[in-house]
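Count along the sequence shown from 1, add 5, and you get the number used in the working numbering.
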Amino acid sequence: IGLLSEKPDLSRSLLTLIGSDTFSLAGKTLSGSITNSGQTQRLNVVPTVTMLGVMKARLVGATRGHALLKKKSDALTVQFRQILKNIVSTKESMGDVMRNSSFALTEAKYVAGENIKHVVRENVQSAALKVRSYQENIAGVKLPKFEYFIEGGGETKNDLTGLARGGQQVQACRAAYVKSIELLVELATLQTSFLTLDEAIKTTNRRVNALENVVKPRLENTITYIKGELDELEREDFFRLKKIQGYKRREVERQREAAKAFEEEKFAEEISLERGVSVNSVLDILAGVGCEKDEDIIF
6 IGLLSEKPDL
16 SRSLLTLIGS
26 DTFSLAGKTL
36 SGSITNSGQT
46 QRLNVVPTVT
56 MLGVMKARLV
66 GATRGHALLK
76 KKSDALTVQF
86 RQILKNIVST
96 KESMGDVMRN
106 SSFALTEAKY
116 VAGENIKHVV
126 RENVQSAALK
136 VRSYQENIAG
146 VKLPKFEYFI
156 EGGGETKNDL
166 TGLARGGQQV
176 QACRAAYVKS
186 IELLVELATL
196 QTSFLTLDEA
206 IKTTNRRVNA
216 LENVVKPRLE
226 NTITYIKGEL
236 DELEREDFFR
246 LKKIQGYKRR
256 EVERQREAAK
266 AFEEEKFAEE
276 ISLERGVSVN
286 SVLDILAGVG
296 CEKDEDIIF
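Structure (structure tokens):
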């Protein structure tokens, strides 16, 4: 802009190159978008008292819904941060647990020999440690939870594995890996809940923003529009009543004048009947028409 203002020849060249129609078209598009955006700020309703009550009820409902969703978002955010904190602490402790499990496996192989894995596989028929899932409801959001359990109460045939050689190290390795599985199941629960809460918080925040920035302002503008239209109709009715009252007042005056003229005519008729004078002459006398101008009177 500063360059164009300093060099008017360059600005004229650019205007010639681009064309003035582009600017006029851009201006029309801009004004049209502003008009359309202004029209969408309220609902297209009939301005009546009933519709005003409906809009007020909807505004009250939107306000309550906004408050509830805001509280829900805050509760989910608190739970989200707590889960994030637990994920960080679990991952920090997982390194030590997995390292201890690897060391325990190495010790078991060293003491019991490399053939210990074949012995373990022969003694295992089905998994004794299993995982089950359930759902927990937090502020209306169902979070999946996982927990492990040992089938059969913890007593399995694997307790006798390595009885001849290295049995203690095998059991220590088994306990270390059970602890690792416990941490992995807990981490799976936390990460699944983390992702679920993340989506729920985003959805709730979108609803809160929609109610706060779109629905409530639109309802408020609609209520303002209906009130303005009702006030205008009330002013029109008041003006119409004033006009009707003025017309009635003029009509009463006209009827009063007509009645007065009728009374005068009736009075003149009665005088004419009493004196034997024509009604027209009596009316002329009453109206002063019969008084001619005297030449001796200066004024």
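Virtual Cβ for every residue (Gly too), placed ideally from N, Cα, C.
Inset, instruction - Would you mind reading off the limits of the beta strand (DSSP E) that contains Q140? - result: L134 to I143
Legend entry - DSSP-derived helix/strand/coil call for E152: strand
Inset, instruction - List the whole-angstrom C-beta distance separating K221 from V102, where the pair is believed to meet the contact cut-off of C-beta under 8 angstroms. - result: K221 to V102, Cβ: 51 angstroms. No contact.
Legend entry - Identity of the residue in V136, Q176 and P149 nearest L110 by Cα: Q176
Inset, instruction - For T201, collect the residues of the same chain with a Cβ closer than 6 angstroms to its Cβ; drop the 5 residues on either side in sequence, then sort them by chain order. - result: L148
Legend entry - A5 classed as buried or exposed, judged by whether at least 16 other C-beta atoms fall within 10 angstroms: This structure does not reach residue 5, given that the chain is present from 6 up to 304, and the question cannot be answered.
Legend entry - Own chain residues within Cβ distance below 6 angstroms of T197, not counting five before or after: P149
Inset, instruction - Taking F154 and V190 to be in contact with their CB atoms under 8 angstroms, please state how far apart those CB atoms are, rounded to whole angstroms. - result: Not really, about 10 angstroms apart at Cβ, beyond 8 angstroms.
Inset, instruction - May I ask you to report which of helix, strand or coil DSSP gives V146? - result: strand
Inset, instruction - Given a cut-off of 8 angstroms, decide if Q87 and I143 are closer than it, judged by their beta-carbon atoms. - result: no
Inset, instruction - Please confirm whether L188 and T95 have their CB atoms less than 8 angstroms apart. - result: yes
Inset, instruction - On a CA-only basis, which of Q173, E156 and A80 is nearest Q130? Give me that one, please. - result: E156
Legend entry - Three or more C-beta pairs below 8 angstroms linking the region 49–58 and the region 229–246: yes
Inset, instruction - Report all residues from its chain with a CB closer than 8 angstroms to the CB of F199; omit the five preceding and five following residues, and keep chain order. - result: F85, I88, L89 and I92
Inset, instruction - Kindly give me the distance between the Cβ atoms of Y252 and R47, rounded to whole angstroms, as I take these residues to be in contact under 8 angstroms. - result: Contact doesn't hold; Cβ gap of about 38 angstroms is too wide.
Legend entry - Check whether L64 and R212 have beta carbons under 8 angstroms apart: no
Legend entry - Pairwise C-alpha distance: A72 and M82: Reading the sequence as shown, one finds Thr at residue 82 and not Met. Roughly 15 angstroms separates the two Cα atoms.
Inset, instruction - Tell me whether N91 sits in a helix, a strand or coil according to DSSP, three-state version. - result: helix
Inset, instruction - Entirely within the region 212–284 and at least 3 residues each: give me those beta strand (DSSP E) ranges in chain order. - result: none
Inset, instruction - Less than 8 angstroms between the CB atoms is what I'm expecting for K76 and I228, so what's the real figure, rounded? - result: So it is not a contact: roughly 25 angstroms between Cβ atoms.
Legend entry - Environment of V257 [buried if 16+ CB atoms lie within 10 Å]: exposed
Inset, instruction - Compare the beta carbon distance of A133 and C178 with 8 angstroms and say whether it is the shorter of the two. - result: no
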